[in-house]
Amino acid sequence: MKARANGAHATAECELCRDAVTRVVVLELLGDDAHVVDADGHESVVAIDFLPGVRVGEALLVRLGVALAREPAKQGERS
Amino acid sequence: MKFVDEFRESSIVRKVADEIRACVDPSRRYSIMEVCGGHTHAIFRFGLADLLPPNIDLIHGPGCPVCVLPMGRIDEGLEIANDPNVILAAYGDMMRVPGSRGSPLESKARGADVRMVYSPLDALRLAESNPERRVVFFAIGFETTTPATALTLLRARERGISNFFVFSNHILVNPAIRALLEMPDMRIDAFIGPGHVTTVIGCESYRFIARDHHRPLVVAGFEPVDVLQSILMILRQLHEGRAEIENQYTRAVPWEGNPAARGAIDLVFEPRESFEWRGLGAIPASGLQLRDEFGAFDAERHFGVTRRAVADPAEARCGDVLKGALKPHECPLFGKGCTPERPIGALMVSSEGACAAQYNYAHLKTTLTVGASDRDVATPSVDR
């Protein structure tokens with residue numbers, strides 16, 4: 001497993017300010033968490049409390065270790 | 080990579096840029112604010128402003144939470160870290176951000192126990208593995224970041240952890256937009272809405288911008304095609320006399336956002352009466368504090384933090400840049416006293432701040448094109 005070491009995250013770009021999320025794919029469900037892999041092959045465990053019904057193989061958008069959205073999402077519509 | 084490559088495809092970028100050029104009315108000016116620091120970064124990184132007609136002004140908004148955090152709040156966090164029984168946990172991005180007495184990294188060099196974490200959940204694990212110490216998490220960020228803090232506090236309460244605390248500097252996007260719209264010299268025609276914040280708060284939360292202020296807002300992704308498409312959608316609204324909320328970033332943003340994440344935020348946090356933003360001043364109900372039910376985790380209550388007001392230098396014109404009254408390089412300090420290495424004004428603090436982004440990418444462009452020295456690029460030519 002190529003784990004992302006805690007605290008080894010600092011980059012020239014500010015993840016906080018870029019409002020960045022990471023796209024991951026679910027490998028395994030672990031209760032309120034999920035074992036996931038990102039596009040670079042980094043595996044980690046993320047919280048899925050805010051996304052009910054997550055399934056293995058789904059693509060999620062993760063922010064700071066917490067999944068916030070599915071990708072692709074439901075289509076948005078004009079107001 | 081799916082969902083990224085096609086949004087950086089140069090032929091599509093050119094096609095959308097051509098559509099924008101065909102769409103603009105040359106007799107008018109357009110002032111469009113991108114609210115999010117990620118969009119500011121993308122605009123400079125990909126040189127998107129160079130692809131636009133000269134009568135479209137992109138105004139770089141207050142969407143960089145590190146930039147807008149007052150230095151006094153950093154001082155307050157570092158005051159807590161001076162307690163020898165405290166471990167201060169902070170995101171890596173915060174480590175070099177200066178307060179009036181130095182940054183968290185400098186505080187660490189002076190002996191404070193300051194540690195970088197990737198997630199607040201890591202800070203909670205620190206507390207669990209160091210039961211004899213008090214672990215304080217320096218929480219910062221907009222609504223994309225707040226759910227992680229809220230979830231961590233819910234888990235801390237569930238596990239009965241008593242040595243974990245949060246120093247909350249979470250802020251809200253919409254009160255800042257509202258404050259900008261109510262400024263008398265405001266000159267913003269429309270907004271590019273923050274993509275990932277909207278995955279949480281949802282598109283409907285921006286309704287007041289269209290309804291009360293008659294400005295369009297288009298939620299956008301962060302790739303070049305995303306940003307250009309959102310500008311095209313805005314232009315079409317303006318030309319048709321519409322003021323609506325639209326979602327360009329449908330591959331990531333559900334219209335309704337994430338109700339579960341919002342619910343967790345509401346359970347744990349409540350708006351402060353007012354919160355200070357560097358460059359903008361105090362904005363009502365724009366910051367979040369822990370509710371009484373979570374008061375046992377509140378670092379401000381536990382450590383009796385004393386408010387420290389640290390004024391920015393008057394010469395730094397951050398507020399004018401945020402309102403669109405000045406371009407970053409028109410500030411008298413830009414690239415002279417104020418640089419990313421030694422920021423004076425708020426917008427030079429993080430690489431996503433409008434001034435730092437312009438400084439960094441104009442520097443690169445000038446160096447590559449004319450081989451200028453560092454002195455030359457202190458006041459780069461960035462006009463389109």
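Protein chains in written order, with the numbering used here: chain A, 1 to 79; chain B, 80 to 463.
Even glycine gets a Cβ: it sits at the ideal position worked out from N, Cα and C.
If we call anything under 8 Å between Cβ atoms a contact, is residue i one with residue j?
| i | j | result |
| --- | --- | --- |
| Thr-223(B) | Val-276(B) | yes |
| Pro-407(B) | Cys-434(B) | yes |
| Val-332(B) | Ile-159(B) | no |
| Ala-218(B) | Ser-247(B) | yes |
| Met-112(B) | Val-145(B) | no |
| Asn-326(B) | Ser-284(B) | no |
| Phe-287(B) | Arg-257(B) | yes |
| Ser-429(B) | Cys-115(B) | no |
| Gly-281(B) | Trp-356(B) | no |
| Leu-230(B) | Ala-96(B) | no |
| Val-21(A) | Val-36(A) | no |
| Glu-349(B) | Arg-370(B) | yes |
| Ala-322(B) | Pro-295(B) | yes |
| Pro-132(B) | Ile-99(B) | yes |
Could you please give the first and the last residue of the uninterrupted alpha helix (DSSP H) stretch that includes residue i?
| i | result |
| --- | --- |
| Ala-168(B) | Premise fails: Ala-168(B) lies in the beta strand (DSSP E), 165-170, not in any alpha helix (DSSP H). |
| Asn-253(B) | 252-260 |
| Arg-290(B) | 286-292 |
| Pro-333(B) | Here Pro-333(B) belongs to no alpha helix (DSSP H), and DSSP marks it neither H nor E. |
| Val-56(A) | Here Val-56(A) belongs to no alpha helix (DSSP H), and DSSP marks it neither H nor E. |
Classify residue i: buried if its beta carbon has 16 or more other beta carbons within 10 angstroms, exposed otherwise.
| i | result |
| --- | --- |
| Ser-198(B) | buried |
| Val-56(A) | exposed |
| Asp-154(B) | buried |
| Lys-187(B) | buried |
| Ser-44(A) | buried |
| Ser-365(B) | buried |
| Asp-268(B) | buried |
| Ser-90(B) | exposed |
| Ser-208(B) | exposed |
| Gly-403(B) | buried |
| Asn-263(B) | Note that residue 263(B) is Pro in the sequence shown here, rather than Asn. Its Cβ having fewer than 16 others within 10 Å, Pro-263(B) is exposed. |
| Asn-161(B) | exposed |
| Gly-31(A) | exposed |
| Arg-386(B) | exposed |
| Leu-29(A) | exposed |
| Gly-398(B) | buried |
| Ala-101(B) | exposed |
Taking DSSP as the reference, what is the three-state secondary structure of residue i?
| i | result |
| --- | --- |
| His-381(B) | helix |
| Thr-228(B) | helix |
| Gly-117(B) | helix |
| Gly-274(B) | helix |
| Ser-90(B) | helix |
| Gly-374(B) | helix |
| Ala-8(A) | With a pLDDT of 26 at Ala-8(A), under the threshold of 50, the modelled position of this residue cannot be trusted, and the question is left open. |
| Gly-342(B) | helix |
| Asp-40(A) | coil |
| Val-103(B) | coil |
| Ile-423(B) | coil |
| Met-195(B) | strand |
| Ile-324(B) | strand |
| Ser-208(B) | helix |
| Ser-309(B) | helix |
| Cys-410(B) | coil |
| Arg-124(B) | helix |
| Leu-405(B) | coil |
| Asn-439(B) | helix |
| Asp-201(B) | helix |
| Ile-280(B) | helix |
| Pro-363(B) | strand |
| Asp-97(B) | helix |
| Arg-463(B) | Any reading at Arg-463(B) needs caution, since the residue's pLDDT is 25, under 50, leaving its predicted position unreliable; the model's value is listed next. Correct three-state label for Arg-463(B): coil. |
| Val-387(B) | Per the sequence shown, residue 387(B) should be read as Arg rather than Val. The answer is coil: DSSP assigns Arg-387(B) none of H, G, I, E or B. |
| Val-304(B) | helix |
| Arg-189(B) | coil |
| Arg-238(B) | coil |
| Ala-393(B) | coil |
Quick check on the DSSP output: the beta strand (DSSP E) that includes residue i runs from which residue to which?
| i | result |
| --- | --- |
| Ser-353(B) | 353-356 |
| Leu-401(B) | Note, Leu-401(B): premise wrong, no beta strand (DSSP E); alpha helix (DSSP H) at 397-402. |
| Val-26(A) | 22-30 |
| Ile-267(B) | Neither: Ile-267(B) is in no beta strand (DSSP E) and is coded neither H nor E. |
| Arg-108(B) | Unbroken run through Arg-108(B): none, as it is neither H nor E. |
| Pro-350(B) | 348-350 |
| Val-298(B) | 296-298 |
| Leu-68(A) | 66-70 |
| Ser-247(B) | 243-249 |
| Gly-416(B) | No beta strand (DSSP E) contains Gly-416(B), which DSSP labels as neither H nor E. |
Are the C-beta of residue i and some C-beta of chain C separated by less than 8 Å?
| i | result |
| --- | --- |
| Ala-378(B) | Absence of chain C from the displayed structure is noted, the protein chains being A and B. |
Given 7 Å as the limit, tell me if residue i has its C-beta closer than that to any heavy atom belonging to the ligand MN.
| i | result |
| --- | --- |
| Leu-296(B) | The ligand MN is not part of the structure shown, which contains no ligands of any sort. |
What beta strand (DSSP E) runs, 3 residues minimum, are completely inside the segment 127-186 of chain B?
135-139, 165-170
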